[in-house]
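Q: Starting off with a structure, shown below.
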Amino acid sequence: MSTLHVLSHSPFGDSRFTSCLRVLGEQDALLLCGDATYALQPGSSPFERLQAAGLNLFVLAEDLQARALDTPDWAEAINYAGFVELSIEHDKVNTWL
Numbered sequence: 001m002s003t004l005h006v007l008s009h010s011p012f013g014d015s016r017f018t019s020c021l022r023v024l025g026e027q028d029a030l031l032l033c034g035d036a037t038y039a040l041q042p043g044s045s046p047f048e049r050l051q052a053a054g055l056n057l058f059v060l061a062e063d064l065q066a067r068a069l070d071t072p073d074w075a076e077a078i079n080y081a082g083f084v085e086l087s088i089e090h091d092k093v094n095t096w097l
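By UniProt numbering, the letter at position 29 of the sequence shown is numbered 29, and the numbering carries on one by one without gaps.
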């Protein structure tokens with residue numbers, strides 16, 4: 001059973017980012033949106049953890065653009081239609097509030 005995990009809060013503010021990475025399963029995917037996209041700042045600890053994790057990583061393109069961040073080669077930028085598609089493809093969606 002696959003789960004789409006959705007993070008929207010900064011990885012620097014609390015433990016949601018770390019907790020999410022800990023529970024990700026092999027068939028799961030992670031979508032970064034809002035301030036969670038700051039995890040893709042090159043050289044940061046969250047960036048290095050995501051890069052090393054080798055997971056199915058997606059990021060909302062407009063949130064990256066709003067924060068002047070680039071999409072790393074190991075992640076896929078999507079739009080809102082892509083978000084809906086990911087939600088349909090996975091058995092569950094877990095939003096980390």
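For every residue, glycine included, the Cβ atom is placed at its ideal position computed from N, Cα and C.
On the DSSP bridge list, what partners appear for residue 76?
A: 58
Q: Taking Cβ positions, are residue 20 and residue 60 nearer each other than 8 Å?
A: no
Q: Beta-carbon separation of residue 30 and residue 5 under 8 Å?
A: yes
Q: Going by DSSP, what residue range makes up the beta strand (DSSP E) through residue 3?
A: 3 to 7
Q: Please classify residue 81: does DSSP put it in a helix, a strand, or coil?
A: helix
Q: With the cut-off set at 8 Å, would you say residue 37 and residue 63 are in Cβ contact?
A: yes
Q: Quick check: what's the CA-CA separation for residue 26 versus residue 52?
A: Distance between residue 26 and residue 52, taken at the CA atoms: about 14 Å.
Q: Since residue 24 is in the alpha helix (DSSP H), which residue starts that stretch and which ends it?
A: Run containing residue 24: none; DSSP gives neither H nor E here.
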